[in-house]
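Step one of this worksheet: look at the structure below.
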Amino acid sequence: MVRINVNGEERQVDVPEDMPLLWVLRDELNMTGTKFGCGIAQCGACTVHVDGTPTRACQTPVGMLTPDSKITTIEGVKGKAAQAVQAAWQKLDVVQCGYCQSGQIMSAVALLTDNQNPTDQDIDAAMDGNVCRCATYVRIRAAIKDAAQTMRA
Amino acid sequence: MLHHLIRQAAQNGFGDGLSLTPLPAPSRRGFLKAIGAGAGVLVVGAHLPMPALAAEAAPKIIGPADPRPHAFVIVAPDNTVTVLAKHLDKGQGIVTGIATIAAEELDADWAQVRGAFAPADAKLYANHFFGIQGTGGSTAVANSWDELRMAGAAARAMLVAAAAVRWKVPAGEVTVSKGVVRHAASNRSATFGELAEEASKLPVPQQVKLKEQKDYVLIGKPDLHRLDHISKTNGTAIFSMDIRRPGQVTAVLARSPRFGGTVKSVDDAAARKVPGVIEVISLPVGVAVIAKNTWAAMKGREALTVAWDDGKAETRGTDAMLADYRKAAEKPGSVAANKGDADKAIADAKAKGGHAVDGEFVFPYLAHAPMEPLNAVVALNPEGGCTIWAGSQFQTVEQMTAAHILGCKPEQVKIETQWAGGSFGRRATTNADYIAEAVMIAKAYPKAPVHLVWTREDDIKGGRYRPLFLHRITAAVDAKGALVGWKQRIVGQSFMAGTPFEAVMVKDGVDATMVEGASDMAYPVANLAVDAHTVASPVTTLWWRSVGHTHTAYAKEVMIDRLAKAAGKDPVAFRMEMLKDHPRLAGVLKLAAEKAGWGQPLAQGKGRGVAVHESFNTYVAHVADVTVDAKGQIKVDRIVVAVDCGEVVNPDIVKAQMEGGAGWGIGHALRGEITMTDGVVDQANFDSYLPLRMSDMPVVEVHIVPSHERPTGAGEPGVPTVAPAVANAVFSVTGQPLQTLPFSRGGIVS
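These protein sequences, in sequence, are chains A and B.
To convert, note that position 55 of the first sequence is 55 in our numbering; the numbers rise steadily by one, no gaps.
To convert, note that position 452 of the second sequence is 452 in our numbering; the numbers rise steadily by one, no gaps.
If you want it as structure tokens, here you go:
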């Protein structure tokens, strides 16, 4: 039995300790907002926050987490940065296929939580790990800037 | 051309000889018919006269609407309007586009509009260009334009009639605006929801009056949000990857590492010991590991020992294949275009003060790699047949293929189409591919719904690539700088060969999708010779966003810049001279050039390039700005695109498709390639098949030509010209034409 804390709730799952957090969320807890894209931490579709740090769930064995590790997924992300980011994404109609966007949003929220006035270089650095095959990058950049402005206002 | 050919191919039948009822050509007027109304719901379908309606199938509803089958427009008592899309939405926004068309004629309020995917039923929901239900060729808006306008207008007329009866006033005095029906003289009004039940009992009008463009309040407006913009930003949008049926098991499939290989022997003892593994099954397509979750299935597959028979497999590497292509290119191929005398014209030009230019172009295999790895859930139905949950793009092909596997009727195969996490052509296959695999596994393991999941490695190594192509071109300008001769040879695989499409897609040895954009080029060259060699290989290939234009437009537009330089002409001016009889191509070229500031001086190391092309009846020009640094490394700074796709339903979605198309074109031109060593694919995942990332993405400026022409597509046409525009921008700085793709091969991209 592995105990983890997801979106503020303690959960117990009967899985091997090497099972990545991604599959615990998706297959055991039926939280499908976090996506499988590559399985090797190269696309960012599975990005969640562990104690506020953007983390690739596909490369995080669940046994490495403690019951004190606070895991936040797209289903539970909240706060000023999350609100601003999701509102900006909706305002600018960023999404196309949408499959990568949970991960994009989790990375963007982490960026703006730390830095409310990111430069283009900051955005490149924070977001280069998140692949979008529809290439919505133009709007992701614009939405991050829009959200940053909202947060500064 | 593609549309017509798919239609004929469909009539020839899919699924090992199972035939498909041919459908009549679409009509632009009339043919309105009410279908399946009840429970106070106004349900309107505008469709062609058909024989008896097929089996009932409940559509997947996005939003809270009450679903009713066989309809395009559903007005419910809760005041929602649900518009059913028979096309797959894989990001291109067609659910929103389709809903906009119907909502416009209905005079609905956008806030009450929902979208849903139609069930699989070719009798009701065929793509009129194909004759089967399917999405592709950037046809969706063009196909549904008349149908959805009529459905919306009919529903509006019925709501008006219901109000007129209720209020005992002439229908002509009743108006509709933003989802509210009004009679001004008596100061009465009602919502659609309030009138739905009464309207549903009235006859459907056989003739409706459609709006004039000047009266549009939704179509062409820039401020309509996509219908999926909230569910896709809070994690609630459901893709087939997210389907969880009661008792569902997960399967992964071990496939041959070489294309064409088959299973020789399997040792599954270790795999069966992996905790969570339920069953291991050998199938003609590979070895399936079935487990209680995805991780266990993947671990189980790793523990398999499979020996493969490579007797019929491709064992060449891509270098050896390319060498064979070059050998083939020494001899004439099958003729795709032949007018005048290209050899003589080129020789004459050289002899009389003109210039000839030779180019050899190499285009690699490319994977589609949609963000959502391929997957499908299949449950066998107790009454026979099955239900499939998938990002289904060729529903009819999938129904017929599944029926063939299961030995049931196609209509016993129900498809619950889901939001698709990208496709770029990958999900539209002639043999149902991954869905067929899932059905085979479900047939072999009937105890529970089966979710077949491809890993990213399965996807990158799994074929159905944009084919490897070699082009050889010689072209000449005369002493006055006029293009007088063009000779082009194209060598590559046909993805139509061996499919139901072959008989119509391959004519006189030429696959239309190999030469489109070359044999029919718009530039008026009097002496044109285009031929093609179709080579065979077990490597599976497929259409890939913009199909033949991915390579033909590139080769053509890079050659045109070289010819312009040889003629001492400006690249835009050279093209404009040749496009006098092509006003829409000239129009986008002029617009893109103006908006980009063509002709203005550039700083040292900066380059600007242009390309223009028609594909899928849409006209696009790109201007690219690049920086070439001191080490020769390139960066794409800005893309300006002008597009003419006729009447624009949703300009922001067209803009998004142009932005995404630019990224798609640039990303693959920079670093995209699938190579093979001894028949085994060298790439495996996004660490080796390198995708475009945020820091690669240039600024993109989109300009849409205002138009009253019939709407055409936007999903694919934004791709073909972006890479040659970038190449021409680099050429303007370095003088070196980029003729081998990807650019990383030439060491100019890190």
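Think of the CB as a built atom: it goes at the ideal place given N, C-alpha and C, for glycine as much as any other residue.
| Asked | Found |
| --- | --- |
| Contacts around residue 328 (chain B), its chain only, beta-carbon distance under 6 Å, and the 5 residues preceding and following it disregarded | 491, 533 |
| Assumed close pair residue 654 (chain B), residue 714 (chain B) - CB separation to whole angstroms, cut-off 8 Å | 5 Å |
| Buried or exposed by the 16-neighbour rule on C-beta atoms within 10 Å, applied to residue 171 (chain B) | exposed |
| Residues sharing a beta bridge with residue 182 (chain B), DSSP | B:175, B:189 |
| Alpha-carbon to alpha-carbon, residue 363 (chain B) and residue 682 (chain B) | 17 Å |
| Bridge-paired residues (DSSP) for residue 472 (chain B) | B:360, B:489 |
| Nearest residue (CA-CA) to residue 36 (chain A), options B:745, B:220, B:242 | B:242 |
| CB contact flag (residue 611 (chain B), residue 596 (chain B), <8 Å) | no |
| Counted within 10 angstroms of its Cβ, other Cβ atoms place residue 146 (chain A) as buried (16 or more) or exposed | buried |
| Residue 143 (chain B) classed as buried or exposed, judged by whether at least 16 other C-beta atoms fall within 10 angstroms | buried |
| Beta carbon proximity, residue 91 (chain B) to chain A, threshold 8 Å | yes |
| Residue 143 (chain A) versus residue 71 (chain A): straight-line alpha-carbon distance, rounded | 25 Å |
| Status (buried if at least 16 other CB within 10 Å, exposed otherwise) for residue 458 (chain B) | buried |
| Residue range of the unbroken beta strand (DSSP E) whose run includes residue 445 (chain B) | No beta strand (DSSP E) contains residue 445 (chain B), which DSSP labels as neither H nor E. |
| Spatial neighbours of residue 824 (chain B) in its chain, beta-carbon cut-off 6 Å, leaving aside the 5 residues before and after | Chain B is shown only over 1 to 750; residue 824 (chain B) falls outside these bounds and no answer can be derived. |
| Contacts that residue 695 (chain B) makes with chain A (C-beta to C-beta distance below 7 Å) | 124, 128 |
| Range of the contiguous beta strand (DSSP E) that encloses residue 286 (chain B) | 286-291 |
| Within 8 Å, strictly: CB atoms of residue 62 (chain A) and residue 6 (chain A) | no |
| Cross-chain neighbours of residue 667 (chain B) in chain A, by beta carbon under 8 Å | 135 |
| Proximity to residue 516 (chain B) [Cα-Cα], best of B:542, B:562, B:614 | B:614 |
| Helix, strand or coil at residue 389 (chain B) according to DSSP, with G and I counted as helix | strand |
| Residue 549 (chain B) in three-state terms, based on DSSP | helix |
| Reduced DSSP category for residue 94 (chain B) - H, G, I as helix; E, B as strand; rest coil | helix |
| Residue 687 (chain B) at chain A interface by Cβ criterion, 8 Å | yes |
| Residue environment, residue 168 (chain B), which counts as buried when at least 16 other CB atoms sit within 10 Å | exposed |
| Those residues which DSSP pairs with residue 466 (chain B) across a bridge | B:366 |
| Selection from B:647, B:724, B:684, B:700 that minimises the alpha carbon distance to residue 668 (chain B) | B:724 |
| Pair within 8 Å by beta-carbon distance, residue 643 (chain B) and residue 636 (chain B) | no |
| Under the three-state DSSP convention, the category residue 743 (chain B) falls into | helix |
| Proximity below 8 Å, CB of residue 485 (chain B) to CB of residue 346 (chain B) | yes |
| Closer than 8 Å to chain A by CB, residue 738 (chain B) | no |
| Segment contact, 8 Å Cβ cut-off, at least three pairs: the stretch 142-158 of chain B with the stretch 99-109 of chain B | yes |
| Residues near residue 616 (chain B) in its chain [Cβ-Cβ closer than 7 Å; skip 5 each side] | 137, 138, 712, 713, 716, 717 |
| Same chain only: Cβ atoms within 6 Å of residue 758 (chain B), ignoring 5 sequence neighbours per side | Past the edges of chain B, shown from 1 to 750, lies residue 758 (chain B), and the structure says nothing about it. |
| Closest residue to residue 750 (chain B) among B:696, B:728, B:727, B:709 (Cα-Cα distance) | B:696 |
| Interface residues of chain A facing residue 229 (chain B) [CB-CB closer than 7 Å] | 90, 93, 95 |
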